[in-house]
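For reference, the structure discussed in these notes is given below.
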Amino acid sequence: MSRELYSEEAEFGVLGAILQSALQQNQALVDEALSSVTAADFYFEDNAALFQAIKDCYEEGIPVDPVTVGVVRDV
Numbered sequence: 001m002s003r004e005l006y007s008e009e010a011e012f013g014v015l016g017a018i019l020q021s022a023l024q025q026n027q028a029l030v031d032e033a034l035s036s037v038t039a040a041d042f043y044f045e046d047n048a049a050l051f052q053a054i055k056d057c058y059e060e061g062i063p064v065d066p067v068t069v070g071v072v073r074d075v
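Each residue of the sequence shown is one higher than the last, beginning at 1 in UniProt numbering.
Okay, here's the thing in structure tokens:
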């Protein structure tokens, strides 16, 4: 028997932890999270898109904060 396990709250926790780490300028933790997790790891499409926006900002040297990520995600 195979079941897909997913939790929207857990996904929110991962995204929140990445954003909080970025705001606290904990680059090592942000690097580790962004290299360990992919957008495909998220079950919910909106969360995957938000993760990808965070990763795109980070890779392009754009500050990772809720306002900037929101603007990039909407583009």
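The C-beta atom is built at its ideal place from N, Cα and C for all residues, glycine as well.
Note that the structure is predicted; figures quoted are calculated from it, not measured.
Residue i versus residue j: straight-line alpha-carbon distance, rounded
{"i": "Val67", "j": "Glu8", "result": "22 angstroms"}
{"i": "Leu34", "j": "Glu4", "result": "23 angstroms"}
{"i": "Leu23", "j": "Asp31", "result": "13 angstroms"}
{"i": "Asn47", "j": "Asp65", "result": "15 angstroms"}
{"i": "Asp74", "j": "Gln52", "result": "12 angstroms"}
{"i": "Tyr6", "j": "Ala28", "result": "27 angstroms"}
Nearest residue (CA-CA) to residue i, options the options
{"i": "Ser36", "options": "Lys55, Tyr6, Asp46 and Asn26", "result": "Lys55"}
{"i": "Tyr58", "options": "Phe44, Ser21 and Gly13", "result": "Ser21"}
Close Cβ partners of residue i (< 6 angstroms) along its chain, the five nearest in sequence each way excluded
{"i": "Tyr43", "result": "Tyr6"}
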